[in-house]
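Participant:
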């Protein structure tokens, strides 16, 4: 019998979109699926939509569960789903997104070839679910864990989210590491990135990237990636990723430091591109924090051989000529990042 795959779906106020998400899952070519919808305190009809869907389509896959909890954020909802998951493999899908019918099957095949984490690409779609473009130009690659794989994930940013991937349950629950892995619940950003990094740090096998666009990320007003965070929130949310890098205890491993410096620079440019000078200037807290944190690893970033020249120039401009950096953000900043 094929291995059971648990799919965890955190859902908050998603009555209009979760039906199409579930429909894409039951249309999968892989059928031994346990779908766990964690209704994160929704006040709309999310729970009813899921229960009605289960009544009509429950026989098409192994099981569909819906659990309602008090609202506590996406990290807490995912952790609740993890505690209930029984599958040998575990995946995550956001309630407003969809998947390709072959995605789960292809990812399972990768894990059955001995990999510890399998990853595919994603389409960026409009609100109606129509694909617009690929997020990445993926190439097939297989990296040894933890160092090579973490460098690929942290610096190449191949997998910053928990979706479009399958994880081994025995690694997540701690059978091979001693402690159950969970998403940080006290941060508002990068909680899934932190989960992926911590997971890979526990692996001793391989991470495989498949050149297949299997996940359909649907952008709409209110999507998590459209939310705006303060500099203090961003820097705080990146601390678990830094901790994973420091936990490698390898002075040659610097991917976490490069990622931190890059994020501080990227969000500085984002703020400059969308704010006027009265809202984002040297007198503002966000500006001050980003500039202070940028300096932590700026020298390492500027001397790293795997950082592109144009990114080093962008860093130099931000540090030495912030007025020019402001103009760069307003004109070609989106091209830089």
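Numbering (this note's numbering), first residue to last: 762 to 1098.
C-beta atoms are modelled at their ideal positions from N, C-alpha and C, and glycine is treated no differently.
Closest by CA to residue 1012, which one among 1051, 1053, 1061 and 899?
Facilitator: Counted from its first residue, the chain shown places residue 1012 at position 251. Out of 1051, 1053, 1061 and 899, 1061 has the C-alpha closest to the C-alpha of residue 1012.
Participant: Go through its chain and collect everything with a Cβ distance to residue 1005's Cβ below 6 Å, but skip five positions before and after it.
Facilitator: In the chain shown, residue 1005 corresponds to position 244, counting from 1. Cβ within range, chain order: 958, 959 and 962.
Participant: Going by DSSP, what residues sit across from residue 902 in a beta bridge?
Facilitator: Within the chain shown, numbered from 1, the residue matching residue 902 stands at position 141. DSSP output for residue 902 lists 970 as bridge partner(s).
Participant: Roughly how many angstroms lie between the CA atoms of residue 878 and residue 1042, to the nearest whole one?
Facilitator: Locating residue 878 in the chain shown gives position 117, counting from the first residue. Locating residue 1042 in the chain shown gives position 281, counting from the first residue. Cα to Cα, the separation comes out at about 42 Å.
Participant: Give me, in chain order, the residues of the same chain whose beta-carbon lies closer than 7 Å to that of residue 872; leave out the 5 immediate sequence neighbours on both sides.
Facilitator: Indexing the chain shown from 1 puts residue 872 at position 111. Excluding residues within five positions, the ones whose Cβ falls inside 7 Å are 850, 879, 927 and 929.
Participant: In angstroms with no decimal places, state the Cα-to-Cα distance between residue 862 and residue 776.
Facilitator: One-based indexing of the chain shown puts residue 862 at position 101. One-based indexing of the chain shown puts residue 776 at position 15. The alpha-carbon atoms of residue 862 and residue 776 are separated by roughly 22 Å.
Participant: Tell me, please, whether the stretch 1020–1036 touches the stretch 990–999 by the rule of three or more beta-carbon pairs shorter than 8 Å.
Facilitator: Contact holds: three or more Cβ-Cβ distances are below 8 Å.
Participant: Across the stretch 910–928 and the stretch 797–817, are there enough close Cβ pairs to call them in contact, namely three or more that are closer than 8 Å?
Facilitator: In short, these stretches do not touch, since the Cβ pair count stays below three.
Participant: So, helix, strand or coil for residue 859, using DSSP?
Facilitator: Position 98 of the chain shown, counted from the first residue, corresponds to residue 859. Residue state, collapsed to three classes: strand.
Participant: Just tell me which of 931, 1054 and 945 has its CA closest to the CA of residue 1027.
Facilitator: One-based indexing of the chain shown puts residue 1027 at position 266. Closest option to residue 1027, Cα to Cα, is 1054.
Participant: Quick one: Cα of residue 1045 to Cα of residue 995, how far?
Facilitator: As a position in the chain shown, residue 1045 is number 284, starting the count at 1. As a position in the chain shown, residue 995 is number 234, starting the count at 1. Looking at the two C-alpha atoms, the distance is approximately 16 Å.
Participant: Roughly how many angstroms separate the alpha carbons of residue 915 and residue 1016, rounded to a whole number?
Facilitator: The residue labelled residue 915 in the question sits at position 154 within the chain shown. The residue labelled residue 1016 in the question sits at position 255 within the chain shown. Cα-Cα distance, rounded: 6 Å.
Participant: Provide the residue span of the alpha helix (DSSP H) that contains residue 808, from first to last.
Facilitator: Here residue 808 is taken as the residue at index 47 of the chain shown, counted from 1. Run containing residue 808: 807–818, per the alpha helix (DSSP H) assignment.
Participant: Is the beta carbon of residue 827 closer than 7 Å to that of residue 812?
Facilitator: By 1-based counting over the chain shown, the position of residue 812 is 51. By 1-based counting over the chain shown, the position of residue 827 is 66. Yes, the Cβ-Cβ distance between residue 812 and residue 827 is below 7 Å.
Participant: Rounded to whole angstroms, how far is the Cβ of residue 782 from the Cβ of residue 856, which I believe are closer than 8 Å?
Facilitator: Numbered from 1 along the chain shown, position 21 holds the residue referred to as residue 782. Numbered from 1 along the chain shown, position 95 holds the residue referred to as residue 856. Contact flag correct, Cβ pair sits at about 5 Å.
Participant: Please classify residue 839 as buried or exposed, where buried requires at least 16 other C-beta atoms within 10 Å of its C-beta.
Facilitator: Sequence index remark: in the chain shown, residue 839 carries index 78 (1-based). Buried.
Participant: Whole alpha helix (DSSP H) runs in the stretch 1038–1075 with 4 or more residues, listed along the chain?
Facilitator: Runs of the alpha helix (DSSP H) inside the stretch 1038–1075: 1046–1055 and 1059–1064.
Participant: Which residue or residues does DSSP assign as beta-bridge partners of residue 953?
Facilitator: In the chain shown, counting from the first residue as 1, residue 953 sits at position 192. Looking at the DSSP assignment, residue 953 forms no beta bridge with any residue, so it has no partner.
Participant: Go ahead and label residue 834 buried or exposed: buried means 16 or more other beta carbons lie within 10 angstroms of its beta carbon, across all protein chains shown.
Facilitator: Working through the chain shown from its first residue, we reach residue 834 at position 73. It is buried - the Cβ of residue 834 has at least 16 other Cβ atoms within 10 Å.
Participant: Name the two residues that bound the continuous beta strand (DSSP E) containing residue 801.
Facilitator: By one-based count along the chain shown, residue 801 stands at place 40. Where residue 801 is concerned, the enclosing beta strand (DSSP E) stretches over 794–801.
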